[in-house]
Amino acid sequence: MCKYLPMATTTEAVTSTIPARLDRLKWSPFHRKMIMALGVAWILDGLEITIAGSIAGVLGEPGTLNMSSTEIGLVATTYLVGQVIGALFFGKLSDRLGRRKLFMITLGVYLFGSGLSAFTMGQGTGWVIFLYATRVIAGMGIGGEYAAINSAIDEMMPSKYRGRVDIGINGTYWAGSIIGTVASLILLNTLPEDLGWRIGFLLGPILGIVIMLVRRHLPESPRWQLTHGYAEEAEESMQYIEGECRKAGQEVKDVPMSKAITVKPEKSYGYIELLKVLFKMYPKRTVLGASLMITQSFLYNAIFFTYTLVLVKFFGVDPNMAPVFLICFAVGNLAGPLLLGHLFDTIGRKVMISSTYIGSGILLAISAWLFNIDALNAVTQTICWCVIFFFASAGASSAYLTVSEIFPIEVRAQAIAVFFAIAQCFGALGPVFYGWLIGDGTDRTSLFIGYLIGAGIMVAGGVIEILFGVNAEGKSLENVAKPLTAVDDIPDDLSGDGDVAVATIKTKSAKKVEKIQAKVADEEVVAERGKKATQTAAERSKQHAEEKAEAAKAKARAKAEKKLKKAQAKEAEEIKKLKDLDGEV
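In terms of the numbering used here, the sequence shown is residues 1481 to 2065.
Right, dumping it as structure tokens:
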């Protein structure tokens, strides 16, 4: 059980190894519990949006709320507006008051708002306004969850797991969508129409109550405590986390003081300070974060909220069967982050983010061409979307990862909130634009052009990642973005005892060294071959000269021997003549 002591702030400079101690930990039940307790925010969002969309038709029935189509459309709109308000409001509080306080408060706000939605009891204007108000409150809770939750997870998760965990959690939005779709089919087809939609709105709060009980046992982020003047409390939280790891049988190694950082808490940072950070300190990262968030939000909202319209108007699918296709679509979206997430920690952020964005854009363009020439049916179109968004979902999840890890801890939650709000505003344009292109379902060319625009937008996001992306894989958050309260330079590689490097990838410098060494080795091989070739040629020339000289000598000897033999023969002949002459005498 983690103890929470009254916090005593200090403005004195504090030196601590807490960031390195957090990052050197291995996977443990504590980290699993943290994911279960905090990651549910995305499931709740997917559940809420899907439930609201599924029961839209029922709310217009005389036996329920008897709302008009316009009034029903505003149910989703008010929820999205609430998300933006909640993200901005609670994001600032999360940076000021702490992650733990806010992820308890925001979950409570969501439970309150969504629970009240189920108790819209009448059909008058007042009750409609009541429903809108409850949807705004529920949206505020989920919007606030995004800022507090992503900050807490990134700050307490070891750096070698941060990418895959963050991306996997973000992708569980689609698990919520699947749950919501199945639940809607059951509730709306087995219960009275005025009861089924109410229970649908209560599903999220029921799950949220269970999760709140688990969250009670999570500590505050030690990183947040350290940079906000709560050094003693940070050490308490850190010891609790290390204790949980030891209970699981993990050997928790000591961290040398060479990996310590020194911070001097000064003040809380608001949105004015955030603007300075975004546009003065990190302008390229600001362009990167905004681009990734806007492009994925536009494409997702455009396809997801018009999915049923395309199936019904272009492929003649029965509206009652549309949820079945939606489940298949959601499965593809869920599988992408879960199966590809670890590659963002091993292959690296820039490669994976750019490839998922560009790859999904290219695939969307191909499927758009097939759609335009009428080569697809409802099943093959759904298969195409599943494949496209298998990659796009991982890319979209990485956008949230990016904006949560590339800015200083003191403004992290506010940065997440601002980029989330910007993405939601631009994303809201997608359904309107594509709904207009769909029209009455007779003109494929207009929608084809719209799909090409969406594909181009995703490719543009990938190109910006190539230009401005940050290689944050395996790195401590403090190495990615120096805390605003840091007094001295941050030591290189805070991420623990060296095991992290094995779990991530070789650094760029190491790769460059390897390339240089390989090039030098190749040049040495070429030089050695040249040397041997030169030596061989010289040896052959020398051998040829020696052979030529020997041949000349042999020829001279043969000639001399021939002359000698000739002289000897002549001499022998003369001697014979003399003997013959003597005999005659």
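We treat Cβ as the ideally placed atom computed from N, Cα and C, and that holds for glycine.
Because the structure is a prediction, the values reported are computed rather than measured.
>> Using 8 Å for Cβ pairs, my map puts E2086 next to T1786. What's the rounded Cβ distance?
In response: What the structure shows of the chain is the stretch from 1481 to 2065, and residue 2086 is not part of that stretch, so it cannot be assessed.
>> Could you compute how far the alpha carbon of T1600 sits from the alpha carbon of I1609?
In response: The count along the sequence shown starts at 1 and reaches residue 1600 at position 120. The count along the sequence shown starts at 1 and reaches residue 1609 at position 129. Approximately 10 Å, taken between the alpha carbons.
> In whole angstroms, what is the alpha-carbon distance linking S1877 and T1652?
Replying inline: For the purposes of this step, residue 1877 is taken as the residue at position 397 of the sequence shown. For the purposes of this step, residue 1652 is taken as the residue at position 172 of the sequence shown. The alpha-carbon atoms of S1877 and T1652 are separated by roughly 10 Å.
>> Between which two residues does the alpha helix (DSSP H) holding I1622 run?
In response: Counting from 1 along the sequence shown, the entry for residue 1622 is found at position 142. 1605-1636 is the span of the alpha helix (DSSP H), which, as asked, contains I1622.
> What three-state label does DSSP hand V1732 in the structure shown?
Replying inline: Counting from 1 along the sequence shown, the entry for residue 1732 is found at position 252. Coil at V1732, not helix or strand.
> Nearest CA to the CA of V1494: which residue from T1707, V1939, S1748, R1512?
Replying inline: Taking the first residue of the sequence shown as position 1, residue 1494 is located at position 14. For the residues T1707, V1939, S1748, R1512, the minimum Cα distance to V1494 belongs to T1707.
>> Rounded to whole angstroms, what is the Cα-Cα separation between F1913 and D1854?
In response: Translated into the one-based positions of the sequence shown, residue 1913 becomes position 433. Translated into the one-based positions of the sequence shown, residue 1854 becomes position 374. Rounded to the nearest angstrom, the two C-alpha atoms are 22 Å apart.
> Roughly how many angstroms lie between the CA atoms of G1978 and A1521, to the nearest whole one?
Replying inline: Your numbering for residue 1978 matches position 498 in the sequence shown. Your numbering for residue 1521 matches position 41 in the sequence shown. The predicted model places G1978 with a pLDDT of 39, which falls under 50 and marks its position as unreliable; any figure quoted below should be read in that light. If you take the alpha carbons of G1978 and A1521, they lie about 33 Å apart.
>> What would DSSP say about A1966, mapped onto helix, strand or coil?
In response: Translated into positions along the sequence shown, residue 1966 becomes position 486. Residue state, collapsed to three classes: strand.
> Any idea which residues DSSP pairs S1496 with across the strands?
Replying inline: Working through the sequence shown from its first residue, we reach residue 1496 at position 16. Beta-bridge pairing links S1496 to I1741.
>> For E1746, count the other beta carbons within 10 Å of its own beta carbon; 16 or more makes it buried, fewer makes it exposed. Which is it?
In response: For the purposes of this step, residue 1746 is taken as the residue at position 266 of the sequence shown. Exposed, because fewer than 16 other Cβ atoms sit within 10 Å of the Cβ of E1746.
> Which whole-angstrom value is the C-beta distance of R1504 and E1885, which I expect to be below 8 Å?
Replying inline: As a position in the sequence shown, residue 1504 is number 24, starting the count at 1. As a position in the sequence shown, residue 1885 is number 405, starting the count at 1. That pair is no contact at about 18 Å.
> Between the beta-carbon of V1790 and the beta-carbon of P1799, is there less than 7 Å?
Replying inline: Counted from its first residue, the sequence shown places residue 1790 at position 310. Counted from its first residue, the sequence shown places residue 1799 at position 319. Not in contact: V1790 and P1799 (Cβ atoms no closer than 7 Å).
> Out of curiosity, what's the CA-to-CA distance linking L1768 and T1670?
Replying inline: Along the sequence shown, one-based indexing puts residue 1768 at 288. Along the sequence shown, one-based indexing puts residue 1670 at 190. About 48 Å.
>> What does the alpha-carbon distance come out to for the pair Y1730 and Q1776?
In response: As a first step, residue 1730 must be located in the sequence shown, where it is residue number 250. As a first step, residue 1776 must be located in the sequence shown, where it is residue number 296. The question names Tyr, but residue 1730 is Gln in the sequence shown. Spanning the two alpha carbons is a distance of roughly 39 Å.
> Considering only C-alpha positions, which residue in the set L1502, W1865, E1953 is nearest to T1826?
Replying inline: As a first step, residue 1826 is located in the sequence shown; it is residue number 346 there, counting from the start. Of L1502, W1865, E1953, the residue nearest in Cα terms is E1953.
>> Considering just the uninterrupted stretch of the alpha helix (DSSP H) at Y1780, what are its terminal residues?
In response: Position 300 of the sequence shown, counting from 1, holds the residue named residue 1780. First-last of the alpha helix (DSSP H) with Y1780: 1763-1784.
>> Less than 7 Å between the C-beta atoms of L1573 and L1582, yes or no?
In response: Stepping through the sequence shown from its first residue, residue 1573 is reached at position 93. Stepping through the sequence shown from its first residue, residue 1582 is reached at position 102. Taking 7 Å as the Cβ cut-off, L1573 and L1582 qualify as a contacting pair.
> Going by C-alpha distance, which of V1735, G1680, A1895 is nearest F1569?
Replying inline: Counted from its first residue, the sequence shown places residue 1569 at position 89. The option with the nearest alpha carbon to F1569 is A1895.
>> Report the CB separation of I1552 from F1681 in whole angstroms; it is logged as a contact under 8 Å.
In response: In the sequence shown, residue 1552 corresponds to position 72, counting from 1. In the sequence shown, residue 1681 corresponds to position 201, counting from 1. The pair is not a contact, with the Cβ atoms about 14 Å apart (cut-off 8 Å).
> Since G1921 and F1794 are thought to touch, with beta carbons under 8 Å apart, how far apart are those beta carbons, to the nearest angstrom?
Replying inline: Here residue 1921 corresponds to residue number 441 of the sequence shown, with the count starting at 1. Here residue 1794 corresponds to residue number 314 of the sequence shown, with the count starting at 1. About 5 Å separates the two Cβ atoms, so the contact holds.
>> Quick check on the burial criterion: 16 or more other C-beta atoms within 10 angstroms. Buried or exposed for K1955?
In response: Counted from its first residue, the sequence shown places residue 1955 at position 475. Buried, since its Cβ has 16 or more Cβ neighbours within 10 Å.
>> Pop quiz: E1528 and A1618 are said to be a contact at Cβ under 8 Å. What is the actual Cβ separation, rounded to whole angstroms?
In response: Position 48 of the sequence shown, counting from 1, holds the residue named residue 1528. Position 138 of the sequence shown, counting from 1, holds the residue named residue 1618. Rounded, the Cβ-Cβ distance is 7 Å, consistent with contact.
>> Let me make sure I understand the geometry here. Which of Y1749, R1703, T1558 has the alpha-carbon closest to that of T1497?
In response: Mapped onto the sequence shown, residue 1497 falls at position 17. Ranking the options by Cα distance to T1497, first place goes to R1703.
> Do Y1837 and G1942 have their C-beta atoms within less than 7 Å of each other?
Replying inline: Sequence index remark: in the sequence shown, residue 1837 carries index 357 (1-based). Sequence index remark: in the sequence shown, residue 1942 carries index 462 (1-based). Yes; because the gap between Cβ atoms is below 7 Å, this pair is in contact.
>> Let me see if you follow: with CB-CB separation under 7 Å, is I1679 close to chain B or not?
In response: Protein chains in the displayed structure number just one, and chain B is not present.
> Run through DSSP, which three-state label would G1978 get?
Replying inline: Residue mapping note: residue 1978 aligns to position 498 of the sequence shown, counting from 1. Because the pLDDT at G1978 is just 39, under 50, the model does not fix this residue reliably, and the value given afterwards should be weighed accordingly. G1978 falls in the coil class under three-state DSSP.
> So P1963 packs on P1888, CB below 8 Å; how close in whole Å?
Replying inline: Taking the first residue of the sequence shown as 1, we reach residue 1963 at position 483. Taking the first residue of the sequence shown as 1, we reach residue 1888 at position 408. Contact holds; Cβ gap of about 5 Å.
>> Considering only their Cβ atoms, is the gap separating R1615 from T1558 smaller than 7 Å?
In response: The count along the sequence shown starts at 1 and reaches residue 1558 at position 78. The count along the sequence shown starts at 1 and reaches residue 1615 at position 135. Yes. Within cutoff.
>> Could you tell me the alpha carbon to alpha carbon distance between E1715 and L1502, rounded to whole angstroms?
In response: For this step, residue 1715 is matched to residue 235 along the sequence shown. For this step, residue 1502 is matched to residue 22 along the sequence shown. If you take the alpha carbons of E1715 and L1502, they lie about 11 Å apart.
> Who are the near neighbours of A1893 in its chain, counting only those whose CB is closer than 7 Å to its CB and skipping five residues on each side?
Replying inline: Within the sequence shown, numbered from 1, the residue matching residue 1893 stands at position 413. Excluding positions up to five away in sequence, the list reads G1571, S1574, D1575, A1627, A1628, S1631.
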